[in-house]
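Structure first, commentary second.
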Amino acid sequence: MRRLIPHIPNHVRYVSVFGGSGSDIFNKPRSVEEVFNDLHRDIVNFYRVLRDGKARRKLGFMVQHTPHSRQQYAECLKILQSQSGDPLTRAWAFLTASNSGFSGGDPAIATSGGFRISCNRRNWDSCVHHIERVARRFRTVVLEHQAWQDILQRYESADTFFYLDPPYLPSTRRNRRLYSHEMTEQHHVELLERLQLIQGTAMVSGYRSNLYERYFADWRCLEFDVRCTVSGRSSDRTEVIWMNYHKDGTHLSINKGTKE
Numbered sequence: 503m504r505r506l507i508p509h510i511p512n513h514v515r516y517v518s519v520f521g522g523s524g525s526d527i528f529n530k531p532r533s534v535e536e537v538f539n540d541l542h543r544d545i546v547n548f549y550r551v552l553r554d555g556k557a558r559r560k561l562g563f564m565v566q567h568t569p570h571s572r573q574q575y576a577e578c579l580k581i582l583q584s585q586s587g588d589p590l591t592r593a594w595a596f597l598t599a600s601n602s603g604f605s606g607g608d609p610a611i612a613t614s615g616g617f618r619i620s621c622n623r624r625n626w627d628s629c630v631h632h633i634e635r636v637a638r639r640f641r642t643v644v645l646e647h648q649a650w651q652d653i654l655q656r657y658e659s660a661d662t663f664f665y666l667d668p669p670y671l672p673s674t675r676r677n678r679r680l681y682s683h684e685m686t687e688q689h690h691v692e693l694l695e696r697l698q699l700i701q702g703t704a705m706v707s708g709y710r711s712n713l714y715e716r717y718f719a720d721w722r723c724l725e726f727d728v729r730c731t732v733s734g735r736s737s738d739r740t741e742v743i744w745m746n747y748h749k750d751g752t753h754l755s756i757n758k759g760t761k762e
């Protein structure tokens, strides 16, 4: 994410439409207004729990005293994949499962087979301090739990910058089961068509595909070599960002509407 920050134009409001881990907001300078959105209930719940000082301290204590074991991992998955658990318990289960499983997987759809045996206890202990850092950074961020259509409609304006990192197009990825909230190719088409009409500036992350190339033919793009780790396996990929603005941040003159 840090390589993308220099390419973010001047703006008043920053909106992370598919917030995910929140690494974009955590790593970038503060904006006047910031919005984090995600459909994943436990991601949004985690950040909401961090807003409560008492709950945050309890979360840190729970994490510090949680053993790294396959049984514990399975118990956390059981909580996350059910409707049980109060907000604090679910935040603990989400953080524990995320740290105990292979990177790149969503705990909401993971299995106990995704348990990561190796564990650096020092990194696990530092998680408590990281909780405080994240809480401070997200203290003034607006938290949303809405569909992307509603977010674009609610926050669209000339001085808004949208960062969109949607679930990767299924045809461009090797692991077809990564997200609890998937997007089909038709869903991507709807998103791409909507972005042709967007006010303000927007940056979209993804992998190259004929579909994206067709809709973003008039957008500026940059490529980055990245190391991806999914289910314990690493591979090199080329990630692309598409931008509807010039290097100086002024909006590109793009064709509106659907591209044939």
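The numbering used here numbers the first residue of the sequence shown as 503 and each following residue consecutively.
Just so you know, even glycine gets a beta-carbon here, dropped at the ideal spot from N, CA and C.
All of these numbers come straight from a predicted model, not from anything done at the bench.
Candidates the options: closest to residue i by CA position
i: N539; options: P511, Q648, I633; result: Q648
i: R739; options: K749, E725, D750; result: E725
i: S659; options: L541, R639, H753; result: H753
i: H689; options: Q651, E741, D720, R656; result: Q651
i: T591; options: S571, P569, V565; result: V565
i: G562; options: C629, G521, D750; result: C629
i: G522; options: L645, R722, N746, Y747; result: L645
i: D588; options: D720, A557, E695; result: A557
i: G517; options: W721, P669, R656, K749; result: The amino acid at residue 517 is misidentified as Gly; the sequence shows Val. Considering only alpha carbons, the answer is R656.
i: E692; options: R638, R559, P668; result: P668
i: R553; options: S586, K530, R638; result: R638
i: M705; options: K530, L666, G555, T568; result: L666
i: K530; options: I700, M503, A719; result: M503
i: Y709; options: V534, K749, D727; result: D727
Inter-residue Cα distance where the pair is residue i and residue j
i: G616; j: V643; result: Residue placement at G616 is flagged as unreliable, the pLDDT there being 45, under the threshold of 50; a coordinate-derived value is accordingly withheld.
i: F528; j: F640; result: 8 Å
i: P508; j: T703; result: 15 Å
i: D544; j: I633; result: 15 Å
i: S525; j: E536; result: 13 Å
i: T686; j: L671; result: 7 Å
i: I743; j: S584; result: 36 Å
i: T598; j: C578; result: 7 Å
i: Y747; j: L582; result: 40 Å
i: P511; j: G751; result: 5 Å
i: C723; j: R505; result: 14 Å
i: Y575; j: K560; result: 19 Å
i: R618; j: H567; result: Since pLDDT at R618 reaches only 47, below the 50 mark, its modelled position is unreliable, and the value read off the structure follows with that caveat. Going from the Cα of R618 to the Cα of H567 covers about 18 Å.
i: R572; j: E741; result: 33 Å
i: D720; j: I700; result: 14 Å
i: M745; j: L694; result: 12 Å
i: G555; j: H513; result: 31 Å
Within 8 Å, strictly: CB atoms of residue i and residue j
i: R532; j: T662; result: no
i: T674; j: S711; result: yes
i: I653; j: V519; result: yes
i: S602; j: H570; result: yes
i: H631; j: L541; result: no
i: F596; j: F548; result: yes
Rounded Cβ spacing between residue i and residue j (contact assumed at less than 8 Å)
i: V551; j: A593; result: 4 Å
i: Q698; j: Y714; result: No, Q698 and Y714 are not in contact; Cβ-Cβ is about 12 Å, not under 8 Å.
Closer than 8 Å to chain B by CB, residue i
i: A599; result: This model lacks chain B altogether; it includes just one protein chain.
Closer than 7 Å: residue i CB and nearest the ligand MN heavy atom
i: S518; result: Inclusion of the ligand MN in the displayed structure is not the case, the ligand content being empty and no account of it being possible.
Every unbroken beta strand (DSSP E) within the region 525 to 599, with a cutoff of 3 residues, ordered by chain:
The qualifying runs are 535 to 539.
Taking the runs of the beta strand (DSSP E) that are 3 residues or longer, which of them lie wholly in the region 657 to 734?
662 to 666, 703 to 708, 722 to 732
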